[in-house]
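Report on the structure given below.
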Amino acid sequence: MKNGFVIFLAAFALLITSWSAFVLGPQLQLGGAKQVPVLNSTEVYPHSRPGEANQGLQVYRANGCAACHTEQVQQDGVACEVVLASPGKNPSAVSNLLATLNLHGLDVDQAQAVADKIAAAGGKTETHIVAVGPDIARGWGLRHSVAEDFLYDNVVQLGSLRIGPDLAGVGARLPDANWQLLHLYAPKSVVKDSLMPPFRYLFEVRKIGDAPSPDALNLPQGFTPPAGFEVVPKPEAKEITAYLLSLHADVPLYDAPFTPVVVAKP
Amino acid sequence: MSEDIKSCSTTANAEPTAARSTLPMWILILTLILLFLGAVYFDRHSGWFDKEVYAPYASAAMLDSYQPKSGAAAALAQGKKVYEQICGTCHGADGLGKPGQAPPLAGSEWVIAKGHNRLAHIPLAGISGPITIGGKEWNLNMAAMGAALSDADLAGVLTYIRSSWGNKAGEVTADDVKAVRASLGGHPQPMSHDQLMAMPE
């Protein structure tokens, strides 16, 4: 073969280039990722999942949940909102001024300009950062997903198809374990138009013994087992529920800033 | 006929080979233009491979400009930073203090008092002599470590120690610190336990 060595070198260079870009580069960039501080807080993020939830990740994987559910919230943009913290000594002037100003969907410089105007009138403001995008509007999360969200996931279940909703923040959105169990056993019992197939094999329908099990599901009319029987979650069902409840990517980080809604301490 | 065959065989060309030809100029120019546009796009949108910069942020500077900087949460974060740089050396990052160096702040009745007045005097004026914390007597001196801090920074520190490690006491604002600093005057002397107790909480 003519030029055999040149062809070999070219093919090798091509291979090295793609390997560097797809394997070496990401490894150098994110391979050493560790917990990061939560913005404006004394906490760090993320924490490793508790054992049961970690098992649940494998149940999630085994049942192919990622075929219909993603775990990645997208974000199109970022905006500032100017929020009045205190009207100051001249509330009527400030409220007249507020009526003329646009307080939402600003960029940093515009927000600063608006805050300065209100400060000149004597009002005190706070600038809030909010993520913007269809996923955020659907209530799936407060910010886009970032690498840290997946730090402790042994097999990352990003998913690519959204037949069902995104689950990156499901633990924050639907924190009731009982709801999750009902939804796994009979999705239509809690979401009328659900497309999700029921995962009945994660549960056991058994005859009630001496006393009903404390774990038995409290199913609504139309989904109840025959009289004298009860529906009890198997360990897999409890594990996947623990996993789902552990999914809450809802803290502000340096690479995904937003201003959390502060719930006043009682 | 035989002549045809003969002419055929003798006039057949040798096996064709690829010759080196010059690259058309337009391809070269097009490639350079595309490379240039690609580089401009990369420069504007990539964040130069910074691992913290994702879309919609185009650069580290843009990401930095969107960090929340105002509000109570930001003050608390700033307070934590200052605490760990200055106060934490003796009082500990966990607020538990160090025997012989500094008393604990976690659970200390001085820190979690209803009002911040006595607490704010300690870093602004310093303290000397015996003081009781959690039923234990400490006899140490602290210089006016907070006098050099800005009102906002010291307010952040006080808010941080009042709301961390299980402490649950109210916020201290920069205006509060300013008022205490003004009441102390220019060169305050370290306070004693009795002087502090004589002040309103």
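Order-wise, the sequence lines are chains A and B.
For the first sequence, our numbering begins at 1176 and goes up steadily by one.
For the second sequence, our numbering begins at 18 and goes up steadily by one.
Using N, Cα and C, we set each Cβ at its ideal position, and we do this for glycine too.
So if I threshold CB-CB distances at 9 angstroms, which residues from the region 1326 to 1337 of chain A count as touching chain B? For the region 1326 to 1337 of chain A, which is checked against every Cβ of chain B, not one residue is closer than 9 angstroms.
Near residue 18 (chain B), what residues of its chain come up, given a Cβ to Cβ distance below 8 angstroms and the 5 sequence neighbours on each side ignored? Confidence at residue 18 (chain B) is low in this model, with a pLDDT of 48, below 50, so its placement is unreliable and no value can be given for it.
Alpha-carbon spacing of residue 1348 (chain A) relative to residue 1315 (chain A), whole angstroms: 8 angstroms
For residue 170 (chain B) and residue 1252 (chain A), I'd like the C-alpha separation in whole angstroms. Distance from the CA atom of residue 170 (chain B) to the CA atom of residue 1252 (chain A), rounded to whole angstroms, is 32 angstroms.
Suppose contacts are defined by Cβ-Cβ distances below 8 angstroms. Is residue 1319 (chain A) in contact with residue 1204 (chain A) by that definition? no
Give the range of the beta strand (DSSP E) segment to which residue 149 (chain B) is assigned. Boundaries of the beta strand (DSSP E) around residue 149 (chain B): 147 to 150.
Is residue 1279 (chain A) close to chain B? Criterion is C-beta to C-beta, closer than 8 angstroms. no
Own chain residues within Cβ distance below 6 angstroms of residue 1241 (chain A), not counting five before or after: 1332, 1334
Pull up the distance between the alpha-carbon of residue 1439 (chain A) and that of residue 187 (chain B), whole angstroms please. Confidence is the limiting factor: at residue 1439 (chain A) the pLDDT is only 47, short of 50, which leaves the residue's position unreliable and the question unanswerable from this model.
Residues in the same chain with beta-carbon distance under 7 angstroms from residue 1327 (chain A), minus the five sequence neighbours each way, listed in chain order, please. The beta carbon of residue 1327 (chain A) lies closer than 7 angstroms to those of 1221, 1223, 1224 in the same chain, with the five residues before and after it left out.
Positions along the region 1212 to 1235 of chain A whose CB lies within less than 8 angstroms of some CB in chain B: Residues passing the 8 angstroms Cβ filter: 1214, 1215, 1216, 1217.
For chain B, is any of its Cβ atoms less than 8 angstroms away from the one on residue 1206 (chain A)? With respect to chain B, the C-beta atom of residue 1206 (chain A) has no partner C-beta closer than 8 angstroms.
Does residue 1411 (chain A) pass the burial test, meaning 16 or more other C-beta atoms within 10 Å, or should it be called exposed? buried
Which residues in chain A sit within 9 angstroms of residue 94 (chain B), going by Cβ to Cβ distance? 1212, 1214, 1215, 1216, 1217
Who are residue 208 (chain B)'s beta bridge partners in DSSP? B:144, per the DSSP bridge assignment.
Contact criterion: CB-CB distance below 8 angstroms. Does residue 66 (chain B) meet it with respect to chain A? yes
Could you tell me the distance, in whole angstroms, from the CA atom of residue 1296 (chain A) to the CA atom of residue 1257 (chain A)? 15 angstroms
Starting from residue 1413 (chain A), trace the alpha helix (DSSP H) both ways and give me its first and last residue. 1410 to 1420
To the nearest angstrom, how far is it from the Cα of residue 130 (chain B) to the Cα of residue 183 (chain B)? Approximately 14 angstroms between the Cα atoms of the pair.
Quick one: which residues of the region 1283 to 1310 of chain A get their C-beta closer than 9 angstroms to a C-beta of chain B? List them in chain order. 1283, 1284, 1290, 1300, 1301, 1302, 1303, 1304, 1306, 1307, 1308
What residue does the alpha helix (DSSP H) around residue 1192 (chain A) start on, and which one ends it? Run containing residue 1192 (chain A): 1179 to 1194, per the alpha helix (DSSP H) assignment.
Report the residues of the region 104 to 131 of chain B with a CB closer than 9 angstroms to any CB of chain A, ordered along the chain. none
Under 7 angstroms Cβ-Cβ, which residues of chain A neighbour residue 73 (chain B)? 1250, 1251, 1252, 1253
Of the listed residues A:1415, A:1432, A:1436, nearest to residue 1227 (chain A) (C-alpha basis): A:1415
Separation of residue 210 (chain B) from residue 145 (chain B), as counted between CA atoms: 8 angstroms
Name the DSSP bridge partner or partners of residue 1371 (chain A)? None, per the DSSP bridge assignment.
Alpha carbon of residue 104 (chain B) to alpha carbon of residue 95 (chain B), nearest angstrom: 13 angstroms
Taking 8 angstroms as the cut-off, does the region 197 to 212 of chain B touch the region 132 to 143 of chain B (at least 3 CB pairs, one atom from each stretch)? yes
Could you check whether the region 1420 to 1440 of chain A touches the region 1210 to 1218 of chain A, counting it as contact only if at least three pairs of C-beta atoms, one from each stretch, sit closer than 8 angstroms? Yes, the region 1420 to 1440 of chain A touches the region 1210 to 1218 of chain A.
Please check the pair residue 1231 (chain A) and residue 1417 (chain A), which I expect to be a contact at CB under 8 angstroms, by giving their CB distance rounded to whole angstroms. Rounded, the Cβ-Cβ distance is 5 angstroms, consistent with contact.
Quick one: is residue 159 (chain B) buried, meaning 16 or more other Cβ sit within 10 Å of its Cβ, or exposed? Residue 159 (chain B) is buried by the Cβ-count criterion.
Suppose you measure from the CA of residue 70 (chain B) to the CA of residue 155 (chain B); what does that come to, to the nearest Å? 49 angstroms
Nearest-angstrom Cα separation, counted from residue 1382 (chain A) out to residue 1373 (chain A): 21 angstroms
Fully enclosed by the region 116 to 202 of chain B, which alpha helix (DSSP H) runs are 4 residues long or longer? 134 to 142, 168 to 179, 191 to 201
Who are the Cβ neighbours of residue 1254 (chain A) in its own chain at under 6 angstroms, not counting the five residues just before and after it? Excluding sequence neighbours, residue 1254 (chain A) sits near 1280, 1305, 1307.
When you compare the CB positions of residue 1337 (chain A) and residue 1245 (chain A), do they come within less than 8 angstroms of one another, or not? yes
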